[in-house]
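Numbering (the working numbering), first residue to last: 5 to 362. Yeah, the Cβ is synthetic: ideal placement off N, Cα and C, and Gly gets one too. Fair warning: this is a prediction, and the values are worked out from it, not measured in the lab.
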C-alpha cells in the first residue's frame, strides 16, 4: 500500500484503503495499543489510520465530537488520542479539556494535530491538557516517533498502577501477619474452635489476595464480599468490642465487579477511621442495585477528616501511595467517574462508588 501526500497533507488512499476504510466511525483491531483518531477530514483520517494500521496499532477513527464521545465512553483501554484542533461542534481544545476531567496527562496522552503553529496556538493546546503538538504537514516518521513516545509514557504509568494493585492484592503487610498470628495463638489457649476458624479465614484471605491475573480483572461480587468478611473476622478477633460491622448486600452476588476495590476501602476505614478512636466504632458496608449500577458504600463513625486531609488522600501523585487514589484512578478509567467521599472531623467518613452492570 502506497500513500501519496498532497500540499495539504491529505493522503489519497489506494483502492485497497478505500475498500478497507469506507465509513466512519471506523474501527480496526490490531495486536498493538488502541488509538483514537479525531478529524473531520476523512482523507486525513484514512491517512492516519493507514499509517498506524501498518504499524499494527489498533485504531478507532471518528469525524466529530459526537462520534468521539460515543466511541470513547464505550471503551476503557485507550492508549492515546490524536486530535485535530479544528472540528465542527466542540473544538479539539474542548475535547481535550473533557478528557482531562477524568484522565491525567500520564494516564491518557493526547497528541494534537494542526496547521496553526503560532506560539499562542501551542500555548492553548498545552493549557487544554495536550501532551504534544504536531504541525501539518507532518512527516510520517516523526508522527510514529511521537506516537511511540506517548504510548510508552502511558504504559509506564499502567505498570506502576498495576504494581500498586498487586501490592494491594497481596496485602502481605508484616504487622498484619504478625498481629494475626499472635491473635490466633492467644485465642487458641482458651478457644481452639475459634482459633481454627480464624486460621481458615486467614488461609482464605491469603488465597484470595494472591488470586489475581491483571489490572482489569473482574470477579463475582461474592468473592469481594467474602474477602472483606475474612479480613474483618480476623480484625474483630483482635480488637473485639472496639469494632462493630454491619453488612447490607442484595442478591446480585454473581455480578462481576472490578477486583479488590471494596476490601482496601474497608481497611482504610478501620485503620484511619475506627482504630484511632480509643472506644473504637462501627463500619457499615452496603452494596445496592440502582437501575443498571451497583452502588457500593462504606461508612464509618470514626475520627473523620477535614478538607485538607481529604484533599491529600485523593491527590494521586505518580509513584506515591496506594489505596483510595489507586481505586479512584481505576474507577475513572473503567467508568469515567471515581470515588465520592464525605467526611468531617469527629463525625466519620462515607466512601461510595458505582459499578456498571454488564
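Beta-carbon proximity check, residue i vs residue j, cutoff 8 angstroms
i           : j           : result
residue 359 : residue 289 : no
residue 74  : residue 30  : no
residue 226 : residue 260 : no
residue 270 : residue 223 : no
residue 241 : residue 187 : yes
residue 154 : residue 136 : yes
residue 298 : residue 345 : no
residue 234 : residue 209 : yes
residue 115 : residue 150 : yes
residue 42  : residue 103 : no
residue 53  : residue 101 : no
residue 328 : residue 357 : no
residue 34  : residue 57  : yes
Inter-residue spacing [alpha-carbon to alpha-carbon] between residue i and residue j
i           : j           : result
residue 160 : residue 330 : 15 angstroms
residue 62  : residue 32  : 6 angstroms
residue 229 : residue 91  : 47 angstroms
residue 244 : residue 196 : 17 angstroms
residue 342 : residue 267 : 16 angstroms
residue 45  : residue 337 : 29 angstroms
residue 296 : residue 361 : 5 angstroms
residue 203 : residue 311 : 40 angstroms
residue 351 : residue 265 : 24 angstroms
residue 143 : residue 109 : 24 angstroms
residue 306 : residue 286 : 8 angstroms
residue 4   : residue 68  : Residue 4 lies beyond the range of the chain shown here (5 to 362); nothing can be said about it.
residue 190 : residue 246 : 18 angstroms
residue 262 : residue 81  : 14 angstroms
residue 353 : residue 274 : 11 angstroms
residue 304 : residue 207 : 27 angstroms
residue 316 : residue 309 : 10 angstroms
residue 98  : residue 237 : 50 angstroms
residue 281 : residue 348 : 14 angstroms
residue 152 : residue 276 : 42 angstroms
residue 239 : residue 201 : 13 angstroms
Three-state secondary structure assigned by DSSP to residue i
i           : result
residue 68  : coil
residue 350 : coil
residue 109 : coil
residue 290 : strand
residue 116 : strand
residue 325 : Only weak support exists for where residue 325 lies, its pLDDT of 40 falling under 50; the value from the coordinates is given anyway. Of the three classes helix, strand and coil, the one that applies to residue 325 here is coil, per DSSP.
residue 204 : helix
residue 158 : helix
residue 89  : coil
residue 58  : helix
residue 301 : strand
residue 140 : coil
residue 39  : strand
residue 190 : helix
residue 361 : coil
For residue j and residue i, believed in contact at Cβ under 8 angstroms, the rounded distance
i           : j           : result
residue 158 : residue 112 : 7 angstroms
residue 38  : residue 79  : 7 angstroms
residue 88  : residue 96  : 6 angstroms
The ligand SAH heavy atom lying under 7 angstroms from the CB of residue i
i           : result
residue 316 : The ligand SAH is absent from the structure shown, which contains no ligand whatsoever.
Every unbroken beta strand (DSSP E) inside the region 225 to 277 [3 residues or more]: 247 to 253, 260 to 262
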